[in-house]
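Participant:
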Amino acid sequence: MKFTKLLLYVNLFFLQSYLIRFKIGVFPTNLQEVLIGLQCMIFLFEIIKNKAFIQTINNIKKHWVILCFAGLSIISAIVVATQNGTGFYSSIDFIRHAKFLIFACVLSFILIETFKSSEERLKVFKVAGIGAMFFGLFCVIYNLLGYNVAHDHRLQGPMDAAVYLGYYLTPFFIFFTLEFLKDTKIKSNLLYTIALGILMLATLSMGSLAGSLIIILFYLFKTKDNKIIKSKTAKTIIATICLLVATTVFYLKILPTIQTNYSSLNERQEIWTTSATLLKTPKNLIFGVGLGQFQEQYFQHVKAIIGHEPLDYYVLQPHNIFLLFIFQFGILGLVFLIFCIKKNIQNIFSWKKNQPINFHIIANFLLLYFFIHGLIDTPFFKNDLLIILVLLMELSLLKTTDKTLKN
Numbered sequence: 015m016k017f018t019k020l021l022l023y024v025n026l027f028f029l030q031s032y033l034i035r036f037k038i039g040v041f042p043t044n045l046q047e048v049l050i051g052l053q054c055m056i057f058l059f060e061i062i063k064n065k066a067f068i069q070t071i072n073n074i075k076k077h078w079v080i081l082c083f084a085g086l087s088i089i090s091a092i093v094v095a096t097q098n099g100t101g102f103y104s105s106i107d108f109i110r111h112a113k114f115l116i117f118a119c120v121l122s123f124i125l126i127e128t129f130k131s132s133e134e135r136l137k138v139f140k141v142a143g144i145g146a147m148f149f150g151l152f153c154v155i156y157n158l159l160g161y162n163v164a165h166d167h168r169l170q171g172p173m174d175a176a177v178y179l180g181y182y183l184t185p186f187f188i189f190f191t192l193e194f195l196k197d198t199k200i201k202s203n204l205l206y207t208i209a210l211g212i213l214m215l216a217t218l219s220m221g222s223l224a225g226s227l228i229i230i231l232f233y234l235f236k237t238k239d240n241k242i243i244k245s246k247t248a249k250t251i252i253a254t255i256c257l258l259v260a261t262t263v264f265y266l267k268i269l270p271t272i273q274t275n276y277s278s279l280n281e282r283q284e285i286w287t288t289s290a291t292l293l294k295t296p297k298n299l300i301f302g303v304g305l306g307q308f309q310e311q312y313f314q315h316v317k318a319i320i321g322h323e324p325l326d327y328y329v330l331q332p333h334n335i336f337l338l339f340i341f342q343f344g345i346l347g348l349v350f351l352i353f354c355i356k357k358n359i360q361n362i363f364s365w366k367k368n369q370p371i372n373f374h375i376i377a378n379f380l381l382l383y384f385f386i387h388g389l390i391d392t393p394f395f396k397n398d399l400l401i402i403l404v405l406l407m408e409l410s411l412l413k414t415t416d417k418t419l420k421n
């Protein structure tokens, strides 16, 4: 599986290659999808060559996360098909989101089936984190050269919004932070943490900042024997950071909401009010509106629901992970999400402080970040972000079989 592993490292390092868009004939695509397509062919060739094809196919049943996404997507396709002729659906958005999900599931399946030990998975995720750091540095240069500069000068590089970049950087910032806390002798993890932390702060994503702080503090308190949290100096620093974060969130998010009607929280109020009204329709509550269809539904109904011109007509997602899964997949999607959250929390609390902190438990902390940040924002269904989400769900929620994962 030498070539499969090599290309996996390339794919994870260059996750943001989806921004390099072009066409193959008349079909739009991006470099990330081409790399994953090539990854698929090489993986198939190597498992056939190694006489592991049948075993690999049999292993699909173990990937219940991917199978659930596949089943929910089929239901979603049926829902979208029934909207034909109503004028309230977008087949292009459905195809785009379905494509994102397919490529995320394919890459996650190949990675899990290729890297079976905790050490290998940690290594490839570290490569993805280093790739994120270099992409963040590229974004700094990109904005400093005058390209795609946000009106409020938030770091966003070639991304559609600074929050997407914040969401992309934060899981890796948390990863390197937890790795450093696990073993403070490895100074490279501290350097990666500092670099990613500065880049994340430059996006001014309050969700990323608060979400990462919650996860890191939770990790520290969960590891009660950690020397860092026993230090008075460390406690003072942690208290200071918490105060600074709370103050920053208040002045940048809460205060503008009180003083004006044009803050991101005001927009979320409109989104959640519209979402609640849309879910009063039994069909929407039970079956959802389909993959990628929330924007069209919001555009068509928001003005009538809130009674005035909205702050934004074009809202891709409902800015809440529970609402996201309901609208994408219906009530079954919500059940799936709640089950995943329950299992995620159980995995974290089932870990005892006398057990080694392996990559499986760290992956559960990283997934918990997505669930926490997802309470106020949901840019999950982007190529690379969806890959990270599905991959973390696979890494943390699947039953482990390797001894190094069972430590």
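For the sequence shown, this note's numbering assigns the number 421 to the last residue and increments by one with no breaks.
We put the CB at the ideal spot given by N, CA and C, even for glycine.
Keep in mind that this is a model prediction, so the values were computed, not measured.
Please report the straight-line C-alpha distance between Pro393 and Ile62, rounded to a whole angstrom.
Facilitator: For the purposes of this step, residue 393 is taken as the residue at position 379 of the sequence shown. For the purposes of this step, residue 62 is taken as the residue at position 48 of the sequence shown. Their backbone Cα atoms lie some 37 Å apart in a straight line.
Participant: At what residue ranges does the segment 370-396 contain a whole run of the alpha helix (DSSP H), taking only runs of 4 or more?
Facilitator: 373-387
Participant: Just to confirm the assignment: which complete alpha helix (DSSP H) runs, minimum length 4, are found wholly within the segment 268-336?
Facilitator: 269-273, 278-292, 296-301 and 308-320
Participant: Three-state secondary structure (DSSP) at Asn162?
Facilitator: The residue given as residue 162 occupies position 148 in the sequence shown. DSSP places Asn162 in coil when its eight states are reduced to three.
Participant: Does the beta-carbon distance from Phe232 to Leu210 come in below 8 Å?
Facilitator: Position 218 of the sequence shown, counted from the start, is the residue given in the question as residue 232. Position 196 of the sequence shown, counted from the start, is the residue given in the question as residue 210. Leu210 is positioned such that its CB atom lies no closer than 8 Å to that of Phe232.
Participant: Over what stretch of residues does the alpha helix (DSSP H) that includes Thr191 continue unbroken?
Facilitator: The residue given as residue 191 occupies position 177 in the sequence shown. Note, Thr191: alpha helix (DSSP H), Ala176 to Lys196.
Participant: Do the segment 250-265 and the segment 290-303 make contact, defined as three or more Cβ pairs closer than 8 Å?
Facilitator: no
Participant: Quick check: the segment 332-346 against the segment 365-381, are there 3 or more CB pairs under 8 Å?
Facilitator: no
Participant: Expressed to the nearest angstrom, what Euclidean distance is found between the alpha-carbon atoms of Val329 and Asp197?
Facilitator: Here residue 329 corresponds to residue number 315 of the sequence shown, with the count starting at 1. Here residue 197 corresponds to residue number 183 of the sequence shown, with the count starting at 1. Each residue's alpha carbon lies about 42 Å from the other.
Participant: What residue from Tyr161, Phe190, Pro172 and Gln331 has the CA that sits closest to Val138's CA?
Facilitator: Along the sequence shown, read from residue 1 onward, the residue named residue 138 stands at position 124. Of the listed residues, the one whose Cα sits closest to Val138 is Phe190.
Participant: In three-state DSSP terms, what is Leu86?
Facilitator: The residue given as residue 86 occupies position 72 in the sequence shown. Helix.
Participant: Could you tell me which residues DSSP puts in a beta bridge with Ile38?
Facilitator: Along the sequence shown, one-based indexing puts residue 38 at 24. Beta-bridge pairing links Ile38 to Phe41.
Participant: In terms of residues, what are the limits of the alpha helix (DSSP H) holding Leu215?
Facilitator: Against the sequence shown, residue 215 aligns to sequence position 201. Run containing Leu215: Lys201 to Ala216, per the alpha helix (DSSP H) assignment.
Participant: Is Gly143 helix, strand or coil by DSSP?
Facilitator: Counting from 1 along the sequence shown, the entry for residue 143 is found at position 129. Helix at Gly143.
Participant: Rounded to whole angstroms, what's the CA-CA distance from Asn25 to Met15? Just pull it up for me.
Facilitator: Here residue 25 refers to the residue found at position 11 of the sequence shown. Here residue 15 refers to the residue found at position 1 of the sequence shown. So the two alpha carbons sit approximately 15 Å from each other.
Participant: Helix, strand or coil, according to DSSP, for Tyr103 in the structure here?
Facilitator: Indexing the sequence shown from 1 puts residue 103 at position 89. Reduced to three states, the DSSP call for Tyr103 is coil.
Participant: Could you tell me the alpha carbon to alpha carbon distance between Ser278 and Val94, rounded to whole angstroms?
Facilitator: Within the sequence shown, the letter at position 264 stands for residue 278. Within the sequence shown, the letter at position 80 stands for residue 94. The C-alpha of Val94 is placed about 30 Å away from the C-alpha of Ser278.
Participant: Drop a sphere of 10 angstroms on the beta-carbon of Gln360, count the other beta-carbons inside from all chains shown, and report buried for 16 or more, exposed for fewer.
Facilitator: Counted from its first residue, the sequence shown places residue 360 at position 346. Flag for Gln360 reads exposed.
Participant: Please classify Ala225 as buried or exposed, where buried requires at least 16 other C-beta atoms within 10 Å of its C-beta.
Facilitator: Counting from one through the sequence shown, the residue named residue 225 turns up at place 211. A quick correction: the sequence has Gly, not Ala, at residue 225. Counting other Cβ atoms within 10 Å of its Cβ, Gly225 reaches 16 or more and is therefore classed as buried.
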